[in-house]
Amino acid sequence: MQTFGAIKMSFPTLIGILLLTSFIITVIPKDLYVRVFTNNHFIDAFFGAVIGSVSAGSPITSYVIAGELSARGVGMVVIVAFLVTWVTVGIVQLPAEIVMLGKRFAIVRTIVGFVSAIIIAFLTVITLTLI
Amino acid sequence: MIKKLIYNIEGKWLLFIFVIMLYGGLAFVDFFLFQETLLFFWDTFLQIIPIIIFVFFLMFLFNLFVSTDVLVKHLGSGEKIRGWIIAIVSGIVSSGPIYMWFPLLSDMREKGVHDTFLTTFLYSRAIKIPLLPMMVYYFGLAFTIIFTGYILIFSIINGIVVSFILKMKREVKEV
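Next up, the structure:
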């Protein structure tokens, strides 16, 4: 009975988020990902994290896009920030997270996750250069 | 009047209505893209049905067999090593979109699971074991190992930081 109540409560949100995700995936052109980057590591890492955060879809898609970005000469810092936020930070899913886990938790988690992604990006690249 | 109406609608329906309006606008501006988006939605929906069923089944079992006492014992405090391990491992093995897991996490929190472990679970989801070969293919083995290592470390850091900030906010509110 408790499970049925939870299903009833979460279903409109899940369908709403799925519709929103489908909207973002089909409406945002893929080449936009390449167009926004400059050559400044800090700004690019930030943009990489922003794009990963607002993007939606399967992680496989994020690997393919990241591979494409790498092939076009986009820096590794950007790629890591993008890959991490794609899975861990979900601006599109944020309304669902707010409804189900609370506003404060969702917002704090999103901000901390976003900042962490940028730190991970720099640490990964620094470690790679050191070894 | 509109403000009052919006205020009275629950959050879950507000989002749903907003998305329906977005689709209505898209149909008006570009009907072909609207059809394409709906088709994409339907395909994705069919793909995630098994995951939805799996998560809801898990919730059912969870409510049936896992008592609040057991949960609080292992995941109730943000300091136990076993709690970290459970949160990280379940985050790594969990599949499907992140939002599919929100109902179960909400349920677990109501039973006493600490925010630290919920955050750690959500962050460690960045490690996808079935996709690791793909990462190796695109970026190399060294990158994959370093990346995975940092995600593991930061999933714990995220858990601690988020829980610390939330605790601080609560204390400030109480004062």
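Just so you know, the sequences run in chain order G and D.
Heads up, the numbering used here is the position in the first sequence plus 590, with the first residue counted as 1.
Heads up, the numbering used here is the position in the second sequence plus 319, with the first residue counted as 1.
Note that CB positions come from ideal geometry on N, CA and C, so glycine has one too.
Item, Value
"C-alpha gap between residue 384 of chain D and residue 335 of chain D, whole angstroms", "33 Å"
"Chain-order list of residues whose beta-carbon lies under 7 Å from that of residue 371 of chain D (same chain, five-residue window excluded)", "419"
"Cβ shell of residue 636 of chain G (< 7 Å), same chain only, five flanking positions each side left out", "708"
"Proximal residues of chain D, C-beta to C-beta of residue 699 of chain G below 8 Å", "438, 441, 477, 481"
"Stretch-stretch touch, CB-based, cutoff 8 Å, three pairs: the region 678–689 of chain G with the region 455–464 of chain D", "no"
"First through last residue of the alpha helix (DSSP H) which encompasses residue 668 of chain G", "666–678"
"Buried versus exposed call for residue 402 of chain D [16 or more other C-beta atoms within 10 Å across all chains shown]", "buried"
"Whole-Å CB distance - residue 691 of chain G paired with residue 424 of chain D, under 8 Å assumed", "6 Å"
"DSSP state of residue 409 of chain D mapped onto helix, strand, coil", "helix"
"Own chain residues within Cβ distance below 6 Å of residue 617 of chain G, not counting five before or after", "none"
"Of the listed residues G/714, G/675, G/662, G/699, nearest to residue 486 of chain D (C-alpha basis)", "G/699"
"Closer than 7 Å to chain G by CB, residue 414 of chain D", "no"
"Inter-residue spacing [alpha-carbon to alpha-carbon] between residue 640 of chain G and residue 369 of chain D", "30 Å"
"Given residue 399 of chain D as reference, the closest of D/359, D/351, D/479, D/417 once Cα atoms are compared", "D/479"
"Beta-carbon spacing of residue 681 of chain G, residue 644 of chain G below 7 Å", "yes"
"Own chain, CB closer than 8 Å to residue 656 of chain G, minus 5 neighbours either side, in chain order", "669, 672, 673"
"Proximity below 7 Å, CB of residue 410 of chain D to CB of residue 440 of chain D", "yes"
"Residue 428 of chain D - containing alpha helix (DSSP H), residue span", "421–429"
"Where the region 674–707 of chain G meets chain D: residues whose CB sits under 8 Å from a CB there", "674, 677, 678, 680, 683, 685, 686, 687, 688, 689, 690, 691, 694, 695, 698, 699, 702, 703, 706"
"Proximal residues to residue 443 of chain D (C-beta, below 6 Å), its chain only, five neighbours per side dropped", "407, 410, 411, 474"
"Proximal chain D residues relative to residue 608 of chain G, where beta-carbon distance stays under 7 Å", "360, 363, 364"
"Boundaries (first-last residue) of the alpha helix (DSSP H) holding residue 456 of chain D", "451–458"
"Below-7 Å beta-carbon distance, residue 657 of chain G vs any chain D residue", "yes"
"Distance between residue 347 of chain D and residue 683 of chain G (C-alpha atoms, nearest Å)", "25 Å"
"Inter-residue spacing [alpha-carbon to alpha-carbon] between residue 358 of chain D and residue 603 of chain G", "19 Å"
"Residue from G/712, G/662, G/677 with nearest C-alpha to residue 652 of chain G", "G/677"
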